[in-house]
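Take a look at the structure below.
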Amino acid sequence: MNNTFKELFQRYSRNPILTVNDWPYPANSVFNCGAAYFDGETILLVRVEDLRGMSHLTVARSQNGVTSWQIDQKPTFLPDPIHYSEEIWGIEDPRITYLDPLKEYFVTYTAYSNMGPLVSLARTEDFITFQRLGAVLPPEDKDAALFPVQFNGRWAMLHRPVIQTPASAAHVWIAFSPDLIHWGEHSLLIRAREGGWWDAYKIGISPPPIQTSHGWIVLYHGVRKTGGGVIYRLGIVLLDLDDPTRVLRRSDEWIFGPREHYEREGDVDDVVFPCGCVIENNQVRLYYGCADTCIGLATAELDELVRYSLSCPESKRSSRWG
Ligand code: BMA
Numbered sequence: 351m352n353n354t355f356k357e358l359f360q361r362y363s364r365n366p367i368l369t370v371n372d373w374p375y376p377a378n379s380v381f382n383c384g385a386a387y388f389d390g391e392t393i394l395l396v397r398v399e400d401l402r403g404m405s406h407l408t409v410a411r412s413q414n415g416v417t418s419w420q421i422d423q424k425p426t427f428l429p430d431p432i433h434y435s436e437e438i439w440g441i442e443d444p445r446i447t448y449l450d451p452l453k454e455y456f457v458t459y460t461a462y463s464n465m466g467p468l469v470s471l472a473r474t475e476d477f478i479t480f481q482r483l484g485a486v487l488p489p490e491d492k493d494a495a496l497f498p499v500q501f502n503g504r505w506a507m508l509h510r511p512v513i514q515t516p517a518s519a520a521h522v523w524i525a526f527s528p529d530l531i532h533w534g535e536h537s538l539l540i541r542a543r544e545g546g547w548w549d550a551y552k553i554g555i556s557p558p559p560i561q562t563s564h565g566w567i568v569l570y571h572g573v574r575k576t577g578g579g580v581i582y583r584l585g586i587v588l589l590d591l592d593d594p595t596r597v598l599r600r601s602d603e604w605i606f607g608p609r610e611h612y613e614r615e616g617d618v619d620d621v622v623f624p625c626g627c628v629i630e631n632n633q634v635r636l637y638y639g640c641a642d643t644c645i646g647l648a649t650a651e652l653d654e655l656v657r658y659s660l661s662c663p664e665s666k667r668s669s670r671w672g
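Heads up: take any position in the sequence shown, counting from 1, add 350, and you land on my numbering.
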């Protein structure tokens, strides 16, 4: 029996914190959201699925990051398929990173093209207007997030391409770029496990990496395929602080998974899917999509996440290609 999630992440007692009933305009669901601390407020960039089934992004703001959310009256960041044809079927699952050297927020998101999902990038100074940098990784690829700092003068991004091999092949990769547009130096970073593991079917990162003195904390979602459907849960990985291509530790057990009714039942049952967190005074506020239907909040102490990750097994990966 896995009880570690009780120790690490505590659900907010009045979850879900946001549902489509809070929305100022008609929509089907509000779920996987990026998060940032901006101008004294917590900003959520929320994936909103409209009544056609396609997604856009809308900002919700709160002073305390828990209650009294102010939601933009209309979509904040809409797909623009006329100028960016890769956005024809919507934009999804944003991750927000503040790039210290550029003093701007960057949003990686999934553009749902007619060739499949791919990774797009935009930047914003105010969460009112967004400037697109375009599609930066081709399909099929999603679950991308930037590191907030450079490594040897290059930006780094985690992402999840899907490759066509007979075995499960949806792993987390890392890439580097001199300018945020051109990405190379690819390597496989975290493998989906096999067989009976909880993260055997596919994996992808959740919020952007969290910097600590012990390394980068990466929360990732692992998917298990069952006779009744899929189950999305969270695991934790620790990457080397100076060389993020090195996985130091990885949890064997999941640390958070669907348990409450709003996580277990919805448009897609049994899904917890965080895309962002905000850290204040050592407290990590994790914002997560629940069953592709609403948004939940869970909190953990950052020190505890570090302590737990350091207690996890050392990574067995031996080469750049896993
Ligand atoms: C993934 C993503 C998420 C979604 C999840 C569960 O592939 O598309 O947006 O929450 O599936 O449906």
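Cβ atoms here follow ideal geometry from the backbone N, Cα and C, with glycine treated the same way.
{"Query": "With a threshold of 8 Å (Cβ to nearest heavy atom), would Thr576 be considered close to the ligand ADP?", "Result": "What this structure holds is the ligand BMA, not the ligand ADP."}
{"Query": "Mind checking whether the beta-carbon of Val580 lies closer than 8 Å to any heavy atom of the ligand BMA?", "Result": "yes"}
{"Query": "Here's a check: name, in chain order, each residue in its chain whose Cβ is nearer than 8 Å to the Cβ of Ala386, leaving out the five neighbours to either side.", "Result": "Thr392, Ile393, Leu395, Ile446, Tyr448, Tyr455, Phe477, Gly626 and Val628"}
{"Query": "Please report the straight-line C-alpha distance between Pro489 and Pro467, rounded to a whole angstrom.", "Result": "5 Å"}
{"Query": "From this set, Lys552, Gln500, Tyr434 and Gly565, which residue's C-alpha is nearest Asp696's C-alpha?", "Result": "There is simply no residue 696 to check, as the chain begins at 351 and stops at 672 in what is shown."}
{"Query": "Could you give the residue range of the beta strand (DSSP E) that holds Leu647?", "Result": "Cys644 to Glu651"}
{"Query": "Please report the Cβ distance between Trp566 and Leu530, rounded to the nearest whole angstrom; I am assuming they are in contact, meaning their Cβ atoms lie under 8 Å.", "Result": "19 Å between Cβ atoms; not a contact."}
{"Query": "Measuring from the CB of Val618, is there a heavy atom of the ligand BMA at a distance below 8 Å?", "Result": "yes"}
{"Query": "Taking 8 Å as the cut-off, is the CB of Val621 close to at least one heavy atom of the ligand BMA?", "Result": "yes"}
{"Query": "Quick check: what's the CA-CA separation for Val416 versus Val634?", "Result": "12 Å"}
{"Query": "At 3 residues or longer, what runs of the beta strand (DSSP E) sit wholly inside the stretch 506-535?", "Result": "522-527"}
{"Query": "Below 6 Å CB to CB, which residues in the same chain sit around Asp493 once its five sequence neighbours on both sides are set aside?", "Result": "Arg510, Gly554 and Ile555"}
{"Query": "State the DSSP-derived secondary structure class of Asn353, mapped to helix, strand or coil.", "Result": "Because the pLDDT of Asn353 is 49, which lies under 50, any placement of that residue in the model is unreliable, and the number read from its coordinates should be weighed accordingly. The answer is coil: DSSP assigns Asn353 none of H, G, I, E or B."}
{"Query": "Can you grab the Cα-Cα spacing for the pair Asn631 / Thr515, in whole Å?", "Result": "45 Å"}
{"Query": "As a quick exercise: from Pro663, Val573 and Thr460, pick the residue whose alpha carbon is nearest that of Gly545.", "Result": "Val573"}
{"Query": "With hydrogens ignored, establish whether the beta-carbon of Asp642 is closer than 8 Å to any heavy atom of the ligand BMA.", "Result": "yes"}
{"Query": "Please classify Gly585: is it buried, with 16 or more other beta-carbons within 10 angstroms of its beta-carbon, or exposed?", "Result": "buried"}
{"Query": "Determine the closest residue to Tyr459 out of Gly384, Ile421 and Arg657, with distance taken between C-alpha atoms.", "Result": "Gly384"}
{"Query": "Strictly by DSSP, which residues pair up with Tyr551?", "Result": "Answer by DSSP bridge pairing: none, since Tyr551 is not bridged."}
{"Query": "Does DSSP put Asp491 in a helix, in a strand, or in coil?", "Result": "strand"}
{"Query": "Run the CB neighbour count on His433, radius 10 Å, all protein chains shown included, and call it buried at 16 or more, exposed below.", "Result": "exposed"}
{"Query": "Rounded to the nearest angstrom, what separates Thr474 and Phe480 at their Cα positions?", "Result": "5 Å"}
{"Query": "Is Glu610 near the ligand BMA, in the sense that its beta carbon is under 8 Å from a heavy atom of that ligand?", "Result": "no"}
{"Query": "Given this structure, state the Cα-to-Cα distance separating Ala650 from Glu357, to the nearest angstrom.", "Result": "8 Å"}
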